[in-house]
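Everything on this sheet refers to the single structure shown next.
Residue numbers (my numbering): 131 to 429.
The following block contains the structure:
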């Protein structure tokens, strides 16, 4: 494979900082978000604190990397959780894979470094009774003398689509098609090309459509459907939870996991749930394990 302009000036005798700078330019050229690039660079730059400053990248071995991760985990003196260690291994592997892919290195020293899996704690979900109580609490807002369909429109959309907070905030009025031949749907879109694989159409429920039409009349959104700050929408969910008498903290994340679990319990195929959530096949491995655990299938 031909070298890119980012790696053409780097070779096996180059030092780590120069190679990392080339990788940084490459990631930005690929459309990676600034936060992703910052996280990857922070992880890989830790190598410069462990390896000798004059050690060329071509002389870095698998043993060097294994000793680096052992140092980070047990000897560095700064806490490193299993999840953080797993992420840093992923970053280092990505860095050396890039060096080999573009012909800078003939052998990838990180290829044989064992990846550590770090499955985070199980998320909270709503039980069936809590699910109904939350929707009833939101629906009561629609039935008051001064009718307000906002809470129900927000909550029911989250519980039936499983979208994330950022995706919810990114929905514009023209992303919702109630007259599509294939049925009413919302189109989840992303501005960054790096996230285009997450774009998808999600079916909308009749009960939600009725509330949404009320919401359109009441709030008259022009562009963004939910034109409030993230924190304001979080408060709306919290208020619904309080009114419903929930002991749990109702959140975007809880709604997302509840949606995924209920779809699984309803017999929706696993890959259809994955596509609905907009996650990659690699991310789905851990998510699917958690869904099965939430369903009582795995310990």
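Glycine is no exception: its CB is placed at the ideal position from the N, C-alpha and C atoms.
Task: Spatial distance of residue 143 from residue 149 (CA atoms) - done: Rounded to the nearest whole angstrom, the CA to CA distance from residue 143 to residue 149 is 10 Å.
Task: Test item: CB-CB of residue 161 and residue 324 under 8 Å - done: Closer than 8 Å, so yes.
- [ ] May I ask you to verify whether the region 186-193 touches the region 344-353, counting CB pairs closer than 8 Å and requiring at least 3?
- [x] Too few Cβ pairs lie closer than 8 Å, so no.
Open item on the list: Less than 8 Å between the C-beta atoms of residue 315 and residue 332, yes or no?
Closed with: Cβ distance < 8 Å, so residue 315 and residue 332 count as in contact.
- [ ] Under 7 Å Cβ to Cβ from residue 133, same chain only, skipping five residues before and after it: list those, please.
- [x] Low confidence applies here, because residue 133 scores a pLDDT of 45, under 50, leaving its location unreliable and the question unanswered by this model.
Open item on the list: Less than 7 Å between C-beta atoms, sequence neighbours within five positions excluded: which residues of the same chain meet that for residue 300?
Closed with: By the criterion of a C-beta distance shorter than 7 Å, residue 300 is surrounded in its chain by 319, once the five residues flanking it on both sides are discounted.
Task: Nearest neighbour of residue 310, chosen from 285, 193, 334, 175 [CA to CA] - done: The residue from 285, 193, 334, 175 with its alpha-carbon nearest to that of residue 310 is 334.
- [ ] Excluding the 5 residues preceding and the 5 following residue 290 in the sequence, name in chain order all residues of the same chain whose CB lies nearer than 8 Å to its CB.
- [x] Short of 8 Å from the beta carbon of residue 290, and not among the five residues preceding or following it, lie these beta carbons of its own chain, in chain order: 334, 335, 338, 389.
Open item on the list: List, from N- to C-terminal side, the beta strand (DSSP E) runs of 3 residues or more that fit wholly inside the region 326-376.
Closed with: For the region 326-376, whole beta strand (DSSP E) runs of length 3 or above, ordered along the chain, are 330-333.
Task: Counterpart residues of residue 145 in DSSP-defined beta bridges - done: DSSP, once it has assigned bridges, lists 186 as partnering residue 145.
- [ ] Identify whether residue 317 lies in helix, strand or coil by the three-state DSSP scheme.
- [x] Three-state DSSP puts residue 317 in a strand.
Open item on the list: Taking the alpha helix (DSSP H) that residue 222 belongs to, which residues open and close that run?
Closed with: From DSSP, the alpha helix (DSSP H) with residue 222 extends over 212-231.
Task: residue 405: first and last residue of the uninterrupted alpha helix (DSSP H) it sits in - done: Segment 400-407, the alpha helix (DSSP H) holding residue 405.
Task: 8 Å Cβ cutoff met for residue 260 and residue 417 - done: Not in contact: residue 260 and residue 417 (Cβ atoms no closer than 8 Å).
Open item on the list: I need the straight-line Cα distance from residue 406 to residue 353, nearest angstrom please.
Closed with: Within the model, the alpha-carbon separation for residue 406 versus residue 353 is close to 24 Å.
TODO: Return helix, strand or coil for residue 133, following the three-state DSSP convention.
DONE: Here the model assigns residue 133 a pLDDT of 45, short of 50, so the residue's position is not dependable, and the following value carries that caveat. When secondary structure is reduced to three states using DSSP, residue 133 falls in the coil class, being assigned neither helix nor strand.
Open item on the list: So, with DSSP's three-state summary, where would you put residue 305?
Closed with: In the displayed model, residue 305 falls within a helix according to three-state DSSP.
Task: Alpha-carbon to alpha-carbon, residue 242 and residue 135 - done: Residue placement at residue 135 cannot be trusted, given a pLDDT of 42 that sits under 50; the coordinates are not used to answer.
Open item on the list: Within a Cβ cutoff of 6 Å, which residues of the same chain sit near residue 286, ignoring the five residues on either side of it in sequence?
Closed with: Excluding sequence neighbours, residue 286 sits near 338.
Task: Cβ pair residue 378, residue 254 closer than 8 Å - done: Contact flag set, yes.
- [ ] Check whether the Cβ atoms of residue 111 and residue 223 lie closer than 8 Å to each other.
- [x] This structure cannot settle anything about residue 111, because the visible part of the chain is limited to 131 through 429.
TODO: Determine the DSSP secondary structure at residue 425, reduced to helix, strand or coil.
DONE: In this structure, residue 425 counts as coil in the three-state DSSP scheme.
- [ ] Leaving aside the five residues before and after residue 178 along the sequence, list all residues of the same chain whose C-beta is less than 7 Å from its C-beta, in chain order.
- [x] Cβ neighbours of residue 178 beyond the five flanking positions: 146, 147.
- [ ] Using only alpha-carbon positions, find the residue among 384, 359, 360 that is nearest to residue 371.
- [x] Answer by Cα proximity: 384.
- [ ] Could you give the DSSP three-state label for residue 395: helix, strand or coil?
- [x] Three-state DSSP puts residue 395 in a helix.
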